[in-house]
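For what it's worth, the numbering used here labels the leading residue of the sequence shown as 485, then goes sequentially. Quick reminder that beta carbons are idealized off the backbone N, C-alpha and C, glycines included. Down below is the structure, laid out as structure tokens.
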Amino acid sequence: MRMKKIAILGSTGSIGTQTLEIVRANPDLQVVALAAGSSVEKLEAQIREFRPRMACMWSGEAAADLRARVADLDVKVLAGMEGLLEIAAFPESQVLVTAIVGMIGIRPTIAAIEAGKDIALANKETLVCAGHIIMPLAERCGVAILPVDSEHSAIFQSLNGEVADRSGRRAGLYEKAGIEKILLTASGGPFRGRSKKQLQNIRAEDALKHPNWSMGHKVTIDSSTLVNKGLEVMEARWLFGVGLDRIQVVIHPQSIIHSAVQYVDGAIIAQMGVPDMKLPIQYALFYPERRPMAGRRVDLFELGQLTFERPDTDTFPGLALAYRAAEAGGSMPTVYNAANEEAVELFLREKLPYLGIAELIGEAMERHRVIEDPTVSQILETEQETREYAARWKRL
Ligand code: MG
């Protein structure tokens with residue numbers, strides 16, 4: 485059996501643990517390195533089960549704790565950004581699964597690409613903030629960026645058979661594939677159909693109830709504000725090399741069509757399935773091979789109908805702001821993302837009203853002067869400045 489060796493950044497989070505479920509079901513996948521933020525006990529259990537050669541905890545204290553706990557095993561325990569970078573470039577791994585949340589994913593992703601690893605990309609911020617660096621670098625290094633996000637995986641799957649190169653190393657090929665439009669679907673979140681007035685007193689516990697997908701807190705809030713869709717528009721733009729005017733967001737409350745591609749002859753090819761992240765994760769790990777997977781199936785008879793709506797960008801300005809940030813380009817998407825991260829954090833701690841999230845993003849963008857083609861340090865500086873601005877921003 486030929487083993488495929490993978491490293492996972494963010495192994496204790498939602499995508500990370502589902503990736504490990506795929507590993508359990510496929511004996512030819514081997515985990516060689518795992519990294520997590522601060523969940524020492526969870527990471528210890530994962531190390532005991534999957535026996536990676538390397539592990540990393542973001543916090544130094546947690547790393548020291550973990551080191552003591554797994555002293556009986558042959559595993560090197562690292563800490564912080566240095567640890568993430570070492571894991572990203574670990575010679576034994578072939579694929580890096582980037583399942584950490586936030587801009588801390590950018591540098592490890594670059595390190596992995598430079599070391600020739602294919603990327604199973606689940607960290608949105610990497611392309612949103614640094615797509616102009618990542619995509620050309622991946623092309624130069626001949627590595628594949630395989631989308632794990634369900635929508636981008638659906639688009640990727642809908643392009644199968646249209647793009648000649650099945651290696652996944654495909655920059656520039658999409659233009660030739662005859663894409664007219666990308667139809668990026670969104671569930672609309674728990675507040676679809678509500679008015680602004682009805683959203684005034686929304687609390688964190690209401691926003692954390694997503695109708696279809698089970699995800700981490702940050703992304704659940706982001707899907708209720710449509711900011712998640714905004715980030716996905718920016719991601720799609722880089723992954724598939726299409727202009728913003730050709731990416732259309734479609735509200736589809738049943739979350740069965742995970743996204744679609746409309747071609748120049750009018751044909752629409754869509755990928756459908758039950759909302760389950762394990763399919764896009766597995767597809768990225770074995771691309772171009774399709775592996776069997778147990779689990780629920782879509783029952784079209786039970787479903788009866790699929791419905792579609794235009795997004796309401798007046799009530800949910802987070803999406804319109806994303807298009808504006810993407811159009812401005814340069815460092816602006818970083819401001820959009822960092823302001824949102826801070827705003828969501830404040831909202832979850834009940835320090836910011838629900839509608840304040842988009843307000844804060846909008847004002848942070850307004851005061852920012854765009855840096856064209858920002859370097860990674862400029863991106864991280866912009867992030868820091870935006871966070872400081874957001875921390876001072878008070879509207880209660
Ligand atoms: Mg998604």
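- Here DSSP, grouped into helix, strand and coil, assigns S815 to coil.
- Taking the Cβ of S642 as the reference point, every heavy atom of the ligand MG lies at 7 Å or farther away.
- Distance from the Cα of L580 is smallest, within the candidate group I499, L784 and A688, for I499.
- The DSSP assignment places complete beta strand (DSSP E) segments of no fewer than 3 residues inside the stretch 689-769 at 731-735, 741-747 and 752-756, in order along the chain.
- Among the bridge pairs identified by DSSP, V579 is matched with I490 and D602.
- Shortest gap from the CB of S634 to any heavy atom of the ligand MG: under 7 Å.
- DSSP links M538 through a beta bridge to A517 and K560.
- Distances from the CA of S523 to each of H852, L550 and A517 were compared; the closest alpha carbon is that of L550.
- With a contact defined as Cβ atoms closer than 8 Å, N824 and I841 qualify at about 7 Å.
- Contact check for P674 against K702 fails: the beta carbons are separated by 8 Å or more.
- Runs of the alpha helix (DSSP H) spanning 4 or more residues and lying entirely within the stretch 613-643 occur at 634-642, in chain order.
- With respect to the 8 Å criterion, L805 and M849 are classified as neighbours on the basis of their beta carbons.
- Checking the 7 Å criterion, the Cβ of E716 is within range of a heavy atom belonging to the ligand MG.
- Ranked by Cα distance from G802, the first of L830, Q789, K713 and R833 is K713.
- In this structure, DSSP gives E793 an extended state, which the three-state scheme calls strand.
- At least 8 Å separates the beta-carbon of R808 from that of P737.
- Assignment of T593 by DSSP, reduced to helix, strand and coil, places it in the helix class.
- Burial check for Q789: the Cβ neighbour count within 10 Å stays below 16, so the residue is exposed.
- Annotation: D602 to I740 spans about 28 Å, alpha carbon to alpha carbon.
- Selection P772, P592 and I571 evaluated against G645 yields P772 as nearest (Cα-Cα).
- Here S642 really is in contact with V745; their C-beta atoms are around 4 Å apart, less than 8 Å.
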